[in-house]
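Participant: My structure is below; once you've seen it, I'll send some questions.
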Amino acid sequence: MRSTAVRAVRALMCLGALSAGAWLVASAGGADERQEGRGTIVHCAFFWFKDTATQGNIEAMIRGGRETLAALPCVKRCDIGPPLAQERGAPVDSSYHVGCVMEFADPKDYKAYLEHPEHLKLIEKHKPQWQKVVVYDFVRP
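Once you know that position 54 of the sequence shown is 54 in my numbering, the rest is easy, because the numbers rise by one and skip nothing.
See below:
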């Protein structure tokens, strides 16, 4: 009799936990809620270079990004550089060679950046050295 009561209590606790989790997901708008660009658009790009790339190749991309991208009128903010030297381990990923964080006032400015000839020139110049690129864009309300 006691084991039946214990099982019933456990089942109710699991049901309560599942209900609370479902409520949290529903109230947060779901995991796939995406903004349409109302607010500052933050563009984060991370670059891994091929083994054949030199430190000079990496530094040239950082320098080119600072000189070229930061000067574009559509760019609100541009920070580009190497990862912080640290030994934190997961979930921190410092395996990339260059990180870039940019801000745009609105989707129009972001689109202008993506299509800007100077941006496209920079991509074409450095793309042969890249092994992998990961981009995350989000909206800061």
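Each residue gets a CB set at the ideal place from its N, CA and C atoms; glycine is no exception.
Between the C-alpha atoms of V135 and F46, what's the straight-line distance to the nearest angstrom?
Facilitator: Whole-angstrom Cα-Cα distance: 6 Å.
Participant: Taking the continuous alpha helix (DSSP H) assigned at A60, which residues delimit it?
Facilitator: Start and end: 55-64.
Participant: Per DSSP, what kind of secondary structure is V42 in: helix, strand or coil?
Facilitator: Looking at V42 - three-state DSSP - the assignment turns out to be strand.
Participant: If you draw a straight line from the C-alpha of D109 to the C-alpha of V75, how long is it?
Facilitator: Computed Cα separation, rounded: 7 Å.
Participant: What first and last residue would you give for the alpha helix (DSSP H) that runs through E124?
Facilitator: Where E124 is concerned, the enclosing alpha helix (DSSP H) stretches over 117-126.
Participant: Where does F104 land, buried or exposed, given buried means 16+ other C-beta within 10 angstroms?
Facilitator: Counting Cβ neighbours within 10 Å, F104 comes out buried, since at least 16 surround it.
Participant: Expressed to the nearest angstrom, what Euclidean distance is found between the alpha-carbon atoms of F138 and D51?
Facilitator: Their backbone Cα atoms lie some 30 Å apart in a straight line.
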